[in-house]
Each structure stands twice: as structure tokens, then as C-alpha cells.
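Numbering (our numbering), first residue to last: 299 to 442.
A virtual CB, placed ideally from N, CA and C, is assigned to each residue, including glycine.
Following: one structure in C-alpha cells, then a few remarks.
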């Protein structure tokens, strides 16, 4: 999903400014980080803003990116903006899961127009903690 948002930001910048953004490492990193923040912000808000001042300069002066991202824009990626979207970006056939894998699975649906995804994620982690605490208590109780 983030890759599609990055492509969207590049295309919006080109349509608004008439120039293509340079694809150097610093520009790419700034856009990548801003898109990640925007997708995370959409978990708990209706819209997010990508604001990158001085992203480049040309003979006319500095250029900036200031784009509002909404759930509708993200949904448009799924509904035909790019038909190659694969809803499952996580390989579920992995044998060894870790907290990083679980976080990836939870974040794979972060921008899917589900306003309760952050609440669901919090509840799932709370359940994981409760199960661990019960296991530890059962272990110590068996020692008595």
C-alpha cells in the first residue's frame, strides 16, 4: 500500500508542478517516511497530510509537497487506481512468527478504510500480554 501511495505522491507533484521529482536517495527517503507517517495517522484519523517543504528547487525557486491523504484516496488504490494491488502483503506460510511478523500482519491492513484497526491492534496486543501473564502465573503456581 505504501508503494502505491508513494507513486501517487510522485504523480500528484508532477501534475501540480509540471516537473518530475528527482529520484535521489534523500528525496526518496523523505517521501517514503512521510507516506509511512500518513498511513499510520490514517489508522486513527479521517485524513493525514504529507507536508515536505523544499523537496526540490528549480529555476523558478523551491518546490514543496503538501497533499492531504484521505481514506477515499487509499480506497481508490484498491478499487482500480492500480489493479496489481495484492491485498495480502504478508506471506502467511512462514514457519516462525515473531513480534515483528505479527506487527507486519497487523499493519498490512492499516490503511484499509477500517477506522477500528488501531483499536483492534491494541486489543490483540492486550490479549497477547494477558495470555503471557496467565502462563507465567500458572508456572509459578505449579512450583508451590
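For residue i, tell me which candidate among the options has the shortest Cα-Cα distance.
| i | options | result |
| --- | --- | --- |
| residue 299 | 424, 422, 330 and 364 | 330 |
| residue 372 | 336, 422, 359 and 358 | 336 |
| residue 338 | 419, 376, 438 and 431 | 419 |
| residue 345 | 363, 368 and 355 | 368 |
| residue 301 | 376, 366, 358 and 315 | 376 |
| residue 309 | 442, 364, 334 and 426 | 364 |
| residue 354 | 311, 332, 334 and 343 | 311 |
| residue 361 | 313, 343 and 333 | 313 |
According to DSSP, is residue i helix, strand or coil?
| i | result |
| --- | --- |
| residue 356 | strand |
| residue 369 | helix |
| residue 421 | helix |
| residue 303 | helix |
| residue 338 | helix |
| residue 442 | coil |
| residue 427 | helix |
Go to residue i, then tell me how far its alpha helix (DSSP H) extends in each direction, as first and last residue.
| i | result |
| --- | --- |
| residue 321 | No alpha helix (DSSP H) holds residue 321; DSSP gives it neither H nor E. |
Pop quiz: residue i and residue j are said to be a contact at Cβ under 8 Å. What is the actual Cβ separation, rounded to whole angstroms?
| i | j | result |
| --- | --- | --- |
| residue 348 | residue 317 | Their Cβ separation, rounded to whole angstroms, is 18 Å, which puts residue 348 and residue 317 out of contact at 8 Å. |
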